[in-house]
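*Asks:*
Listed below in structure tokens is the structure:
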């Protein structure tokens with residue numbers, strides 16, 4: 019505080035006295051431009067080779083449409099599974115005491131730390147017809163590996179930490195007085211959960227869902243091993259981009275990439291709007 | 026929980042679920058984590074050791090595997106310090122100074138996290154590939170970026186770009202600039218201020234960011250897969266080597282290399298948890314959980 023009043027005698031008060039602005043901002047902008055902005059600009063410009071109608075033709079090929087549909091539906095189901103079970107995990111970690119809780123809490127982040135290729139081959143080995151889990155599912159006629167169901171499994175693994183890590187801090191900060199008040203007023207535990215707790219954690223739940231969804235749509239490494247990669251059936255969009263690149267169809271690959279980014283962007287925008295609406299609903 | 030215990034009509038404490046609900050939630054949560062985290066992890070090591078320790082060891086010291094390990098380390102040794110310097114510079118500029126467009130800059134720094142790994146590789150192929158924008162010029166000058174080590178480094182830098190900055194910016198914002206201002210007022214130079222005042226304050230946060238950055242740099246698959254060209258012993262990092270071995274049905278070797286990466290992930294998680302438990306107050310509150 020004294021520092022601030024001392025410096026207020028200088029005419030330009032909002033200017034920091036700490037040096038290094040030019041140097042650090044220079045490094046930041048230079049590096050950002052070289053590593054991120056120029057390459058992304060190359061992505062945005064490339065489909066222009068095709069012209070607008072060419073772009074539309076490239077992204078509306080049946081194989082591309084099938085891949086986009088597959089990527090977004092499997093990502094949606096995986097994020098939904100994570101919303102349900104992630105909420106249960108977050109609830110358990112915040113509200114219940116049990117031995118080994120710290121270890122369980124730490125291990126939730128494994129999907130962030132484990133390389134996706136490792137996750138991919140491990141899940142494939144588990145769910146293959148002769149795998150630890152697959153051998154019990156196979157006689158029931160349930161095929162997971164090499165089908166779209168396998169993609170959902172891999173994407174669920176990848177998105178697992180997001181919902182837990184967004185809901186957990188909100189639950190931790192939730193004031194139990196509200197719950198006590200609800201209980202005193204005669205609400206059952208279920209009523210308290212639905213009408214008092216759930217509206218408060220809803221925005222965080224949706225944030226986690228959106229993050230898991232966004233991550234899952236672009237995921238590649240864990241999926242390609244378990245998917246089977248059959249065109250029109252189990253071929254995800256990022257794989258199709260790789261295939262186009264291998265055929266030296268750069269413009270086609272860039273067009274699919276741009277389409278994927280656009281759809282993700284619109285989807286996140288919608289979720290953002292829903293979130294605002296639910297926040298207002300919760301009176302926050 | 027002091028004071029009178031409030032009870033609802035059923036006579037249970039009002040803030041606890043019925044026992045069967047609690048049991049069900051724990052069963053769902055632990056079952057979910059068991060199926061999706063514990064089993065895959067156990068599977069990696071079981072498959073890797075299926076033919077015994079000596080086969081496991083042979084798979085790791087085989088020349089191509091060894092080259093992949095070396096390349097992975099090389100890429101990380103370049104990409105991680107580069108992102109560390111960038112992260113510190115960005116955090117310094119953003120938290121210690123005022124300038125227009127700051128929130129735009131923050132959004133742009135986060136951008137690589139919302140881009141598919143495949144696209145992160147694709148952008149460099151579009152720039153530097155044989156049919157890319159700079160492709161003909163690079164060919165004329167005998168410079169190879171894509172399908173060579175520089176491409177791997179660039180793609181890795183792209184996907185790990187935000188890690189350090191994301192940890193340091195909220196941390197330095199929360200710490201404020203009072204201590205730095207005092208140091209400058211007392212006559213310290215900018216560099217002295219950074220080394221003696223800022224760095225000790227942010228060291229755990231910096232380590233945390235570097236740790237996560239490194240884990241991703243060594244484990245990245247999608248982005249490097251696009252720019253690698255998959256030349257055995259030359260442009261294959263460990264995750265790419267896992268893929269090649271797996272596709273050749275050499276499962277034991279694939280899982281052996283994968284187990285090294287799994288150990289790296291477990292060590293990262295352990296170090297990360299230790300940092301959170303011991304120095305939680307010196308990490309950024311918003312990113313502590315990521």
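Protein chains in written order, with my numbering: chain X, 19 to 302; chain C, 26 to 315.
Heads up, the beta-carbon is just placed ideally off N, CA and C, and yes, glycines get one too.
Within the 8 Å Cβ cut-off, does residue 117 of chain X reach chain C?
*Replies:* no
*Asks:* Closer than 8 Å, CB to CB, is residue 175 of chain X near chain C or not?
*Replies:* yes
*Asks:* For chain X, is any of its Cβ atoms less than 8 Å away from the one on residue 290 of chain C?
*Replies:* yes
*Asks:* What would DSSP say about residue 238 of chain X, mapped onto helix, strand or coil?
*Replies:* coil
*Asks:* In whole angstroms, what is the alpha-carbon distance linking residue 159 of chain X and residue 221 of chain X?
*Replies:* 39 Å
*Asks:* When burial is assigned at 16 or more other CB atoms within 10 Å of the CB, is residue 119 of chain X buried or exposed?
*Replies:* exposed
*Asks:* In chain order, what residues of the same chain have a beta carbon less than 7 Å from the beta carbon of residue 73 of chain X, not counting five sequence neighbours either side?
*Replies:* Only 65, 273 meet the Cβ criterion.
*Asks:* In angstroms with no decimal places, state the Cα-to-Cα distance between residue 111 of chain C and residue 223 of chain C.
*Replies:* If I take the Cα positions, the gap works out to 16 Å.
*Asks:* Give the C-beta separation of residue 226 of chain X and residue 181 of chain X to the nearest angstrom, bearing in mind that I take them to be a contact with Cβ-Cβ under 8 Å.
*Replies:* 3 Å
*Asks:* With a threshold of 8 Å between beta-carbons, can residue 223 of chain X be considered close to chain C, or not?
*Replies:* no
*Asks:* Skipping 5 residues on each side, what residues in its chain have a beta carbon closer than 7 Å to that of residue 104 of chain C?
*Replies:* 178, 181, 182, 185, 242
*Asks:* Rounding to the nearest angstrom, what Cα-Cα distance links residue 149 of chain C and residue 282 of chain X in this structure?
*Replies:* 21 Å
*Asks:* Tell me, please, whether the CB atom of residue 238 of chain X is closer than 8 Å to any CB atom in chain C?
*Replies:* Interface annotation, residue 238 of chain X: in contact with chain C, CB-CB separation under 8 Å.
*Asks:* Given residue 39 of chain X, which residues of its chain have a CB within under 7 Å of its CB, disregarding the five upstream and five downstream residues?
*Replies:* none
*Asks:* Check whether chain X comes within 8 Å of residue 274 of chain C, counting only Cβ atoms and requiring the distance to be less than that.
*Replies:* no
*Asks:* Quick one: residues in its chain with C-beta nearer than 6 Å to the C-beta of residue 172 of chain X, no 5 flanking neighbours on either side, listed in chain order?
*Replies:* Answer for residue 172 of chain X: 141, 240, 241, 244, listed in chain order.
*Asks:* For residue 51 of chain C, which residues in chain X fall below 9 Å Cβ to Cβ?
*Replies:* Those are 106, 110, 114, 116, listed as they occur along chain X.
*Asks:* What is the residue span of the alpha helix (DSSP H) that residue 209 of chain C lies within?
*Replies:* Looking at the DSSP string, the run of the alpha helix (DSSP H) that includes residue 209 of chain C is 203-210.
*Asks:* Can you name, in chain order, every residue of its own chain whose Cβ lies under 8 Å from the Cβ of residue 233 of chain X, other than the five neighbours on each side?
*Replies:* The residues are 176, 177, 180.
*Asks:* Using a C-beta to C-beta distance shorter than 7 Å, which residues of chain X count as neighbours of residue 117 of chain C?
*Replies:* By Cβ distance, chain X contributes 38, 42.
*Asks:* For residue 266 of chain C, is the classification buried or exposed, using 16 other Cβ atoms within 10 angstroms of its Cβ as the cut-off for buried?
*Replies:* For residue 266 of chain C, the number of other beta carbons within 10 angstroms of its own is at least 16, and it is reported as buried.
*Asks:* With 16 as the cutoff for other CB atoms within 10 Å, does residue 117 of chain C come out buried or exposed?
*Replies:* buried
*Asks:* Closer than 8 Å by beta-carbon distance: list the chain C residues that pair up with residue 64 of chain X, in chain order.
*Replies:* 151
*Asks:* Closer than 8 Å by beta-carbon distance: list the chain X residues that pair up with residue 109 of chain C, in chain order.
*Replies:* In chain order: nothing, as chain X lies at least about 11 Å away.
*Asks:* Just how far apart, CA to CA, sit residue 251 of chain X and residue 89 of chain X?
*Replies:* So the two alpha carbons sit approximately 11 Å from each other.
*Asks:* Figure out for me which residue from C:64, C:287, C:66, C:69 has the closest Cα to the Cα of residue 133 of chain X.
*Replies:* Closest option to residue 133 of chain X, Cα to Cα, is C:287.
*Asks:* Hey, how far is the Cα of residue 216 of chain C from the Cα of residue 127 of chain C?
*Replies:* A straight line joining the alpha-carbon of residue 216 of chain C with that of residue 127 of chain C spans about 23 Å.
*Asks:* Go through its chain and collect everything with a Cβ distance to residue 169 of chain X's Cβ below 6 Å, but skip five positions before and after it.
*Replies:* 92, 241, 245
*Asks:* Check distances from the C-beta atoms of the segment 253-269 of chain X to those of chain C and list, in chain order, the residues that come in under 7 Å.
*Replies:* 256, 259, 260, 263, 266, 268
*Asks:* Taking all protein chains shown into account, do 16 or more other C-beta atoms lie within 10 angstroms of the C-beta of residue 35 of chain C, making it buried, or fewer, making it exposed?
*Replies:* Confidence at residue 35 of chain C is low in this model, with a pLDDT of 48, below 50, so its placement is unreliable and the value that follows should be read with caution. Exposed is the call here.
*Asks:* Apply the 10 Å Cβ neighbour rule to residue 216 of chain X and answer buried if 16 or more other Cβ atoms are within range, or exposed otherwise.
*Replies:* exposed
*Asks:* Consider the Cβ of residue 304 of chain C: report whether some Cβ of chain X lies at a distance smaller than 8 Å.
*Replies:* no
*Asks:* If residue 154 of chain C sits next to residue 140 of chain C, beta carbons under 8 Å apart, how far is it from one beta carbon to the other, in whole angstroms?
*Replies:* Rounded, the Cβ-Cβ distance is 18 Å, inconsistent with contact.
*Asks:* Distance check for residue 115 of chain X and residue 250 of chain C, CA to CA, integer angstroms please.
*Replies:* 43 Å
*Asks:* Please list, in chain order, all residues of the same chain as residue 271 of chain C whose beta carbon is under 7 Å from its beta carbon, the five residues on each side excluded.
*Replies:* 279
*Asks:* Any idea if residue 48 of chain X is buried or exposed, counting beta-carbon neighbours within 10 angstroms, 16 or more meaning buried?
*Replies:* exposed
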